[in-house]
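J.:
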């Protein structure tokens, strides 16, 4: 299963273009139950808009309901303006 990055509100990220992620794939990382986007980078350049949606390549948040063997099983995720995964859920 491939999990799409549906929207990304982290406008400071070099991969963001009008609430769309242009990274080929992202890693959901973080610590202390804060599911941060490990791909977020603030640079003076922007990756050009690409065809197709970005996907979640890996997820380090083992406690997340959607994590199965380090892969995200959600249909899609949303990334907030502070580069955290808004889809992250724990039971």
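In UniProt numbering, the protein residues as written are 1 to 91. Idealized CB from N, CA, C, for every residue including glycine.
1. Quick one: what's residue 58 bridged to in DSSP?
2. Using CA coordinates, which residue listed in 16, 89 and 76 is at the minimum distance from residue 50?
3. Can residue 22 and residue 47 be called in contact, C-beta distance under 7 Å?
4. Going by other Cβ atoms of all chains shown within 10 Å of its Cβ, with 16 needed for buried, is residue 26 buried or exposed?
5. Check this for me: beta carbons of residue 87 and residue 2, under 7 Å apart or not?
T.: This is what the structure holds:
1. Along the chain shown, read from residue 1 onward, the residue named residue 58 stands at position 58. Answer by DSSP bridge pairing, in chain order: 27.
2. Walking along the chain shown from the start, residue 50 turns up at place 50. When each option's Cα is compared against that of residue 50, the closest is 16.
3. The sequence position of residue 22 within the chain shown is 22, counting from 1. The sequence position of residue 47 within the chain shown is 47, counting from 1. Taking 7 Å as the Cβ cut-off, residue 22 and residue 47 qualify as a contacting pair.
4. Here residue 26 is taken as the residue at index 26 of the chain shown, counted from 1. It is buried - the Cβ of residue 26 has at least 16 other Cβ atoms within 10 Å.
5. One-based indexing of the chain shown puts residue 87 at position 87. One-based indexing of the chain shown puts residue 2 at position 2. No, these two residues do not count as a Cβ contact at 7 Å.
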